[in-house]
Amino acid sequence: MKPFDVKVIPFEAVYNFRDMGGYKARDGRVVKSRLFFRSAALGKMTTADKQLFETLGVKTIFDYRDNHEAQNNPNPILPHAHYIQIPAKGNHAFEMPTNTGGKDFYKVVSPEMFQEFYAQMPFNNASFKELMTIIQNPNNLGLVHHCAVGKDRTGIGGALILLALDVPEETIMEDYLDTNLHLRPMVERMAQAIQQHYNERELQQFYALMSAREDYLQAAFDAMDRRYGSKAAFLEQEFGLTADKRRQLQANCLT
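Using our numbering, the first residue of the sequence shown is number 5, and each one after it goes up by one.
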C-alpha cells in the first residue's frame, strides 16, 4: 500500500486517527508529519487497517486508558510498535470515573465535572510525565497516543506535545475542536443506542460530554497559568522541559 500524506488517516474501524504534523510554530517552522498521531482506541482494527497502520512508521503506541478500559477493548498486536499503557487520570483531588457501567457514565458525570477533570489532568500525572519524556528521544517517534475516543485524555496529551513545540494555543484549540467532526458518526450511533434509556436532559448531557468544547481545554490552559504563571514554566516544572530541552525537541520535530 502507498503511504498516505493526509492529516486524517482513513481507517475502516478506527475513529479520529490524525497526523498532528503540519501545524505552524510561533517561529514559522512546521511540525513534521509522521511523528505524532492522535486517535481513538485501536481495538476494532480490520485486517486492512492493520496493513495501513504498517505504512505509517509507528514505533510507539501510548495508551492513556486504565486497565478496565484496555481489557474491555484491547489493542491489537501490531508488529514494530512498542506498547505503553499508563492511565492518564486526574490527581488525588479528582479522578474521572471510567468504570461506572457503560451507559450510566453519562448520567453521573456532568460538563462541570469535565471542566474540573481537564483542570486537574495536566498536573502530577504519571502518564503525561512519561509521554513528555518519551517524545524527547527521536528514536521513539512516530508515536500514536490514544484513549477511548481520542478526545479528553488524548486532547490534553496533544495539547502538551504542541505546547512543547511552541505551537500557538489558538492552533492547539483548533486541533482539539477538530475532534468533533471526526467523532460525529460514532457519537450519533451511540446516541441512537442509548436514547430510549435517556430523557431529554440526559441526552443533552450525553452530547455535551461527547463533544470537544472550548471551555474544557481552556480550563486546562487557565489552570497551567494560575499555578505556574506561564506555559513555559509549567512545562519546565511539571516535565523538566527546560528551555534547552524544548529547543532540542523543536529541532527534532519542526522543519
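Don't be surprised by glycine CBs; every beta carbon is placed ideally from N, CA and C.
Since the structure is predicted, the reported quantities are computational estimates derived from the model, not experimental observations.
Item to check | Contiguous alpha helix (DSSP H) assignments of at least 4 residues, all confined to the region 185 to 255 | outcome: 204 to 213, 218 to 232, 235 to 243
Next on the checklist: Using the Cβ count rule (16 or more neighbours within 10 Å means buried), how would you classify Glu-218?
Outcome noted: As a working mapping, residue 218 is identified with position 214 in the sequence shown. It is exposed - the Cβ of Glu-218 has fewer than 16 other Cβ atoms within 10 Å.
Item to check | Residues sharing a beta bridge with Asp-67, DSSP | outcome: Numbered from its first residue, the sequence shown carries residue 67 at position 63. Answer is Gln-89, His-150.
Item to check | Same chain, Cβ closer than 8 Å to Phe-127, five either side skipped, listed in chain order | outcome: Against the sequence shown, residue 127 aligns to sequence position 123. So the list reads Asn-95, Ala-227, Arg-231, Glu-242, once near-sequence residues are dropped.
Item to check | Cβ-based burial, Val-12 [other Cβ within 10 Å; buried from 16] | outcome: By one-based count along the sequence shown, residue 12 stands at place 8. Exposed: under 16 other Cβ atoms inside 10 Å.
Checklist entry - Would Glu-73 be called buried (16 or more neighbouring beta carbons within 10 Å of its own) or exposed? => result As a position in the sequence shown, residue 73 is number 69, starting the count at 1. Under this definition Glu-73 is a buried residue.
Item to check | Stretch-stretch touch, CB-based, cutoff 8 Å, three pairs: the region 200 to 218 with the region 243 to 250 | outcome: no
Checklist entry - What three-state label does DSSP hand Ser-43 in the structure shown? => result Indexing the sequence shown from 1 puts residue 43 at position 39. Three-state DSSP puts Ser-43 in a strand.
Checklist entry - Considering Ala-130, what are the terminal residues of the alpha helix (DSSP H) in which it resides? => result Residue mapping note: residue 130 aligns to position 126 of the sequence shown, counting from 1. Here the alpha helix (DSSP H) through Ala-130 covers 130 to 138.
Item to check | Distance CB(Tyr-27)-CB(Val-18) smaller than 8 Å | outcome: Indexing the sequence shown from 1 puts residue 27 at position 23. Indexing the sequence shown from 1 puts residue 18 at position 14. In this structure, Val-18 does not lie closer than 8 Å to Tyr-27 by Cβ.
Checklist entry - Along the chain, where does the alpha helix (DSSP H) that runs through Tyr-122 open and close? => result Here residue 122 refers to the residue found at position 118 when the sequence shown is read from its first residue. 115 to 124 is the span of the alpha helix (DSSP H), which, as asked, contains Tyr-122.
Item to check | For Val-112, the three-state DSSP class (helix, strand or coil) | outcome: Translated into positions along the sequence shown, residue 112 becomes position 108. Residue state, collapsed to three classes: helix.
Checklist entry - Ends of the alpha helix (DSSP H) at Lys-36? => result Here residue 36 refers to the residue found at position 32 of the sequence shown. Premise fails: Lys-36 is in no alpha helix (DSSP H) and is neither H nor E.
Checklist entry - If you pair each beta-carbon of the region 76 to 96 with each one of the region 163 to 178, do three or more pairs fall below 8 Å? => result no
Item to check | Cβ-Cβ distance between Lys-54 and Pro-80 below 8 Å | outcome: Taking the first residue of the sequence shown as 1, we reach residue 54 at position 50. Taking the first residue of the sequence shown as 1, we reach residue 80 at position 76. Result yes, Cβ atoms of Lys-54 and Pro-80 sit closer than 8 Å.
Next on the checklist: Only counting the same chain, and skipping five residues up and downstream in sequence, which positions put a Cβ closer than 7 Å to that of Arg-38?
Outcome noted: Stepping through the sequence shown from its first residue, residue 38 is reached at position 34. Hits under 7 Å: Asp-23, Gly-25, Leu-60, Gly-61, Gly-146.
Checklist entry - According to DSSP, what are the bridge partners of Asp-23? => result Mapped onto the sequence shown, residue 23 falls at position 19. Partner(s): Phe-41.
Next on the checklist: My assumption, with CB atoms under 8 Å, is that Val-153 sits in contact with Phe-66. Please give the rounded CB distance.
Outcome noted: Reading the sequence shown from its first residue, position 149 is the one you call residue 153. Reading the sequence shown from its first residue, position 62 is the one you call residue 66. Incorrect: roughly 16 Å between the Cβ atoms, too far for contact.
Item to check | Residue nearest to Pro-91 in terms of C-alpha spacing, selected from Phe-21, Thr-158, Gly-47, Arg-42 | outcome: Taking the sequence shown and counting its residues from 1, one reaches residue 91 at position 87. With distances taken between Cα atoms, Pro-91 lies closest to Thr-158.
Item to check | Leu-167 in three-state terms, based on DSSP | outcome: Locating residue 167 in the sequence shown gives position 163, counting from the first residue. In the structure shown, Leu-167 sits in a helix (DSSP, three-state: H, G or I).
Checklist entry - Can the beta-carbon of Thr-64 be found closer than 8 Å to that of His-84? => result In the sequence shown, counting from the first residue as 1, residue 64 sits at position 60. In the sequence shown, counting from the first residue as 1, residue 84 sits at position 80. No, the Cβ-Cβ distance between Thr-64 and His-84 is not below 8 Å.
Checklist entry - Do Phe-109 and Leu-82 have their C-beta atoms closer together than 8 Å? => result As a position in the sequence shown, residue 109 is number 105, starting the count at 1. As a position in the sequence shown, residue 82 is number 78, starting the count at 1. No; because the gap between Cβ atoms is not below 8 Å, this pair is not in contact.
Checklist entry - Where Met-272 and Gln-199 are concerned, what is the direct C-alpha to C-alpha distance, given to the nearest angstrom? => result Since the first residue of the chain shown is 5 and the last is 259, residue 272 is not available in this structure.
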